[in-house]
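Input: a single structure, listed below in structure tokens.
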């Protein structure tokens, strides 16, 4: 019993649609190869699936550009003139934007100001002031982070120093119980330029005294 004729409408099931696409694409490319080999034809096929994936076949003896050039020559059409004109138009727009940006940069550096009106100069001044404000706020944030990092490092050093002092005093007492020891402050207290004082002890010496 022969296969029934497939109705020419979109296949709703995505899986079936993809399977059919793959089979028909392979069959089409097979026919293109046969035309190339049997008939010495130059064939170019470009297919884009519903998933936006491109598939291409081109006869080994030619290139896509050669076929397009032959197509234009045979039909006397120009496929690229409109695209070229559009590219020139886009290029001109980009160059104009580039000139404007370069002029604005020079003006913010204090150059090319003679042609500006009072209103334009006032606007430029305000833009620069706004920019300085943003830069100053960013600088203050960076400085605050650096201060916080420095504070953490200081507290870590102070904690480590205190631990070493405690350990040293314990060891000294264990080695010679006939000696007493006391902490002698070196008398230096650092008032930080960052607005806080050292919270732990500074550098201390041990004075050993006989009983």
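Numbering (the working numbering), first residue to last: 1 to 211.
All residues carry an ideal CB built from backbone N, CA and C; glycine is no exception.
Given a length threshold of 3 residues, each whole run of the beta strand (DSSP E) inside the region 9 to 72 is given here in chain order: 44 to 48 and 54 to 58. Out of 14, 110 and 57, the CA that lies nearest to the CA of residue 33 is found in 57.
Secondary structure of residue 89 (DSSP, three-state): helix. Nearest to residue 42 by alpha-carbon distance, out of 52, 51, 29 and 50, is 29.
When C-alpha distances from residue 123 are compared across 108, 97, 137 and 136, the shortest belongs to 108. In its chain, beyond the 5 residues on either side, 112 have a beta carbon closer than 7 Å to the beta carbon of residue 106. Counted as a single uninterrupted DSSP element, the alpha helix (DSSP H) harbouring residue 122 occupies residues 118 to 175. Rounded to the nearest angstrom, the gap between the Cα atoms of residue 59 and residue 19 is 25 Å. When the beta-carbon positions are compared, residue 17 and residue 47 stay at least 8 Å from each other. The residue from 96, 118 and 125 with its alpha-carbon nearest to that of residue 110 is 125. Between residue 44 and residue 67, the CB-CB gap stays under 8 Å. When DSSP states are grouped into helix, strand and coil, residue 95 belongs to the helix group.
Taking a contact as a CB-CB distance under 8 Å, the pair residue 21 and residue 61 does not count as one, their CB atoms being some 28 Å apart.
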